[in-house]
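Following: one structure in structure tokens, then a few remarks.
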Amino acid sequence: MSSFVSDFMAEVKAKNPNEPEFHQAVQEVAESLVPVLERHTEYRKAKILERIVEPERVIMFRVPWVADNGDVRVNRGYRIEFNSAIGPYKGGLRFHPSVTLSILKFLGFEQIFKNSLTTLPMGGGKGGSDFDPKFKSRNEIMRFCQSFMTELYRHIGANTDVPAGDIGVGAQEIGFLFGQYKRIRNVYEGVLTGKGLTWGGSLIRPEATGFGVVYFANEMLKTRGQSFEGKTVAVSGFGNVAWGATIKATEMGAKVVTLSGPDGYIFDPDGVSGEKIDFMLELRASNQDIVKPYADRYGVEFHADKHPWEVKCDIALPCATQNELDENDAKALLANGCQCVCEGANMPSTPEAIERFLDSGILFGPAKAANAGGVATSGLEMTQNSIRMTWSREEVDRHLHTIMVNIHRSCIDAAAAYGMAGNYVAGANIAGFIKVADAMLAQGIV
Ligand code: NDP
Ligand code: 2IT
42 MSSFVSDFMA
52 EVKAKNPNEP
62 EFHQAVQEVA
72 ESLVPVLERH
82 TEYRKAKILE
92 RIVEPERVIM
102 FRVPWVADNG
112 DVRVNRGYRI
122 EFNSAIGPYK
132 GGLRFHPSVT
142 LSILKFLGFE
152 QIFKNSLTTL
162 PMGGGKGGSD
172 FDPKFKSRNE
182 IMRFCQSFMT
192 ELYRHIGANT
202 DVPAGDIGVG
212 AQEIGFLFGQ
222 YKRIRNVYEG
232 VLTGKGLTWG
242 GSLIRPEATG
252 FGVVYFANEM
262 LKTRGQSFEG
272 KTVAVSGFGN
282 VAWGATIKAT
292 EMGAKVVTLS
302 GPDGYIFDPD
312 GVSGEKIDFM
322 LELRASNQDI
332 VKPYADRYGV
342 EFHADKHPWE
352 VKCDIALPCA
362 TQNELDENDA
372 KALLANGCQC
382 VCEGANMPST
392 PEAIERFLDS
402 GILFGPAKAA
412 NAGGVATSGL
422 EMTQNSIRMT
432 WSREEVDRHL
442 HTIMVNIHRS
452 CIDAAAAYGM
462 AGNYVAGANI
472 AGFIKVADAM
482 LAQGIV
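Per this note's numbering: the sequence shown = residues 42 to 487.
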């Protein structure tokens, strides 16, 4: 099996050229699965890995819309329906100019294993567009969302494919998308998650990803007799995930000293707490995608064009975007005594950075386990829609907490079962894979 990964990756790369992010995500999973494929000849015989890297369906479409000044604009829309072995396709929509097929395939691929880890019946999917919401008016965003849904509606449904938010897609966009779906189909169903509270949404969904990251990190810390109490935390990003993580880390007694944007990072030695956390929502809603106004408002340091990983911290929570933490950042964190890195964003650490973390023996929580609380709470929103009931904040949070504790346990157990005790990367990939692989085996060659 030693050359298995390189042979397999050569094929994946030949078949999917110019998709570096997708290759990166597949390579990590394939490496983790070597001992599983060695032990389970049935997976090899049924070509589960070869099938799982091929999306069941890729939809690409034109999204034309009209700007406020009358200009006609054209963007590209996508939905990757990656795997439906354990449930309807489920995963977010990303609106960002950097969106490509490669980015959405990496996200859709990771989503398969993440959703499997949640224990809820959800397959893997992802979608989005290269549309840039920055500086767009509310009306422009609405017209774009309506045009996007005018094609997407025919491919999705509450039992088929249930999109949600991701970068650039929050409650406002989900509202516009839901309105257009309902108008075209004339059905009121849970076809999207992240909906507003008065029209089918779930309490805690906005906070869920960040809360889940902190719950997962806390479980990791507990294995070493530690907690968030009194710890200094570096957070990157200032969006939905960073916001939820900052609230929960602060609530658990830690001090969050950094936030970041594409313009640089802020360093707040007193901690981002209270109304400063609420200000994060204003920053994001301003649609300018910069974090510097925080430094101007609260009189703290702003470091232009830099990542926060040079700051001394006990815990690092990367919550911005893919490949935002490289090998040099990892070295800086380790040199400064960081004991725990837990990924809020999807694939924020490069493979070289992950290798450093694993070699150093610090606690490292990979995205597909650590940030699964967002999609898990989407699953809870789907449940509430199905039973036509809404649960209290406490009830949703209790489910979310239990799910994160269970995901942590699954990672520990799977890693130990395959001789890699304490390696959460291997544990998450293996535990997420086995459930989907068994479902694929049971359903025949489809
Ligand atoms: P938001 O749209 O709420 O936040 C925007 C974030 O996007 C900012 O923190 C910003 O951080 C980042 N961003 C800005 N400019 C760029 C750029 N040029 N390239 C890439 N990213 C940019 O997004 P979310 O908080 O929802 O998502 C953040 C991460 O968390 C993503 O990796 C997402 O896939 C992941 N995630 C989201 C979930 C959810 O439920 N929303 C669930 C699980 C994972 P910065 O400026 O520092 O780059
Ligand atoms: O990356 C993710 O897990 C998300 N953006 C959330 C997906 C969802 O369906 O809630």
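From the three backbone atoms N, C-alpha and C, an ideal C-beta is built for every residue, glycine too.
Your pair Gly-149 and Pro-96 checks out as a contact, with CB atoms roughly 7 Å apart and the cut at 8 Å. Note on geometry: alpha-carbon atoms of Gly-216 and Leu-238 lie some 11 Å from one another.
Here Met-481 carries a helix assignment [DSSP, helix/strand/coil]. Per DSSP, the continuous alpha helix (DSSP H) segment holding His-442 begins and ends at 434-458. Judged by their CB atoms, Arg-135 and Gly-169 are nearer to each other than the 8 Å cut-off.
With respect to the 8 Å criterion, Glu-69 and Pro-392 are classified as neighbours on the basis of their beta carbons. The straight-line gap separating the alpha-carbon atoms of Tyr-339 and Thr-201 is approximately 47 Å. Taking the Cβ of Asn-470 as the reference point, every heavy atom of the ligand 2IT lies at 7 Å or farther away. With contact defined as three or more Cβ pairs closer than 8 Å, the stretch 339-359 and the stretch 295-313 are in contact. Pairing Arg-98 with Glu-122 gives a Cβ-Cβ distance under 8 Å.
Residue side-chain check: Ile-208 places its Cβ nearer than 7 Å to a non-hydrogen atom of the ligand NDP.
Counting along the chain, no alpha helix (DSSP H) covers Lys-272, and no H or E run does either. Collapsing the DSSP output to three states places Val-298 in a strand. For Arg-135, there is no enclosing alpha helix (DSSP H); the residue is part of the beta strand (DSSP E) that begins and ends at 130-136. As for any beta strand (DSSP E) of minimum length 3 sitting wholly inside the stretch 142-197, the runs are 164-170, ordered along the chain.
Excluding sequence positions up to five before and after Val-67, its CB lies within less than 6 Å of the CB of Val-53, Val-94, all in the same chain and listed in chain order. If you check the C-beta of Ala-205 against the ligand 2IT, you find a heavy atom less than 7 Å away.
The Cβ atoms of Ile-395 and Cys-379 do not sit closer than 8 Å to each other.
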